[in-house]
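Listed in order, the protein sequences are those of chains A and B. For the first sequence, the positions run 1 to 134 when this note's numbering is used. For the second sequence, the positions run 135 to 268 when this note's numbering is used.
2 protein chains.
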Amino acid sequence: MKQGLLTDRQKEVLRYRKKGLTQQQIAEIIHTSKANVCTIEKAALENISRARETLEFLYTLDAVHLCTLQGGLDLLKAPELIYSEAEKVGLKVKYDTITLINRLRDTNPDRFRGRQVREDVEVYINEDGDLYFG
Amino acid sequence: MKQGLLTDRQKEVLRYRKKGLTQQQIAEIIHTSKANVCTIEKAALENISRARETLEFLYTLDAVHLCTLQGGLDLLKAPELIYSEAEKVGLKVKYDTITLINRLRDTNPDRFRGRQVREDVEVYINEDGDLYFG
DNA sequence: TGAAATTTAAACACTTTTCCTTAACCACCT
DNA sequence: AGGTGGTTAAGGAAAAGTGTTTAAATTTCA
């Protein structure tokens with residue numbers, strides 16, 4: 001079968017894009033319309049999202065949704081929330097406060113800005129008290 | 135649009151599988167043949183691989199094209215080529231010869247037949263000397 | 001070895017994706 | 001207004017993916 005989700009065309013566009021080229025410039029290079037470059041790029045980003053969601057599903061296979069860390073939340077308040085939610089469902093979180101915060105930032109650095117949660121972060125927990133973020 | 139890569143059918147099978155059911159048992163539950171359950175499960179796992187590969191590709195975006203391993207090339211000659219090309223652009227490859235060959239074969243088993251490169255393989259390198267193949 | 005579980009292959013109808021074009025539209029910026 | 005960069009809509013043709021079945025082959029393991 002195919003390897004990744006992205007077609008050659010999609011990868012090509014993403015690479016040029018990464019270099020900072022405009023859609024118009026890329027269109028000239030690969031001999032097509034800028035509208036087409038836009039569509040290809042959009043499809044590529046969509047495929048990347050789908051890849052992310054797919055792997056996220058794997059966690060939910062043995063984990064359960066615990067709570068959502070909403071955008072704007074102070075990172076230091078996250079553990080408290082997570083502990084209390086875990087207690088509600090009768091599970092014990094595997095990590096202490098410090099470790100939890102580090103794990104939170106390490107697994108998804110883009111999602112945080114300083115001490116603040118930038119975008120919503122979904123928190124999952126499994127039987128063992130392992131946490132996953134998506 | 136669609137969300138993950140996995141179809142409802144595929145998720146259904148994976149969930150039952152996670153619970154420990156056999157393909158036969160699942161076939162009865164979802165009213166189809168066990169062969170079909172097998173195919174669906176296989177497709178699901180394949181899709182999961184593709185999702186992983188897709189996200190892997192994102193790393194290559196920070197990387198730069200180093201060289202092409204042309205079809206027919208002896209796998210054992212690849213490291214030499216890669217090292218010399220890396221030197222030209224002032225980067226140091228992170229892997230020794232053995233590791234490099236293994237990585238080459240592991241990341242894309244379909245591309246090799248014994249010691250020979252079957253199709254062209256593009257080699258990318260990033261600032262850290264990490265190599266990616268596409 | 002024998003039975004159960006799993007995998008594979010070929011074929012088919014059906015749906016979805018992809019790439020492409022043309023043409024229009026939006027948001028800036030000077 | 002005009003230019004630049006980006007997006008959207010409609011439509012079409014080719015390619016790829018999905019769910020199925022049937023039948024045969026393989027693996028697993030008590």
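For every residue, glycine included, the Cβ atom is placed at its ideal position computed from N, Cα and C. The structure displayed is predicted, hence computed values, not measured ones.
Under the three-state DSSP convention, the category residue i falls into
i, result
"residue 122 of chain A", "strand"
"residue 161 of chain B", "helix"
"residue 116 of chain A", "strand"
"residue 240 of chain B", "helix"
"residue 203 of chain B", "strand"
"residue 227 of chain B", "coil"
"residue 265 of chain B", "strand"
"residue 63 of chain A", "strand"
"residue 176 of chain B", "helix"
Beta-carbon proximity list for residue i, same chain, < 8 Å, skipping 5 on both sides
i, result
"residue 252 of chain B", "205, 244, 245, 246"
"residue 148 of chain B", "140, 175, 178"
"residue 50 of chain A", "5"
"residue 27 of chain A", "33, 34, 36, 37"
Contacts around residue i, its chain only, beta-carbon distance under 7 Å, and the 5 residues preceding and following it disregarded
i, result
"residue 12 of chain A", "30"
"residue 266 of chain B", "193, 194, 197, 258"
"residue 225 of chain B", "259, 263"
"residue 21 of chain A", "none"
Reference residue i, options the options, closest by Cα
i, options, result
"residue 178 of chain B", "B/259, B/142, B/155, B/220", "B/142"
"residue 171 of chain B", "B/216, B/208, B/157", "B/157"
"residue 235 of chain B", "B/207, B/223, B/261", "B/207"
Neighbour-count burial assignment, residue i, 16 or more Cβ in a 10 Å radius
i, result
"residue 86 of chain A", "buried"
"residue 99 of chain A", "exposed"
"residue 116 of chain A", "exposed"
"residue 66 of chain A", "buried"
6 Å Cβ shell around residue i - same chain, five flanking residues per side excluded
i, result
"residue 264 of chain B", "228"
"residue 48 of chain A", "none"
"residue 218 of chain B", "none"
Residues sharing a beta bridge with residue i, DSSP
i, result
"residue 74 of chain A", "A/116"
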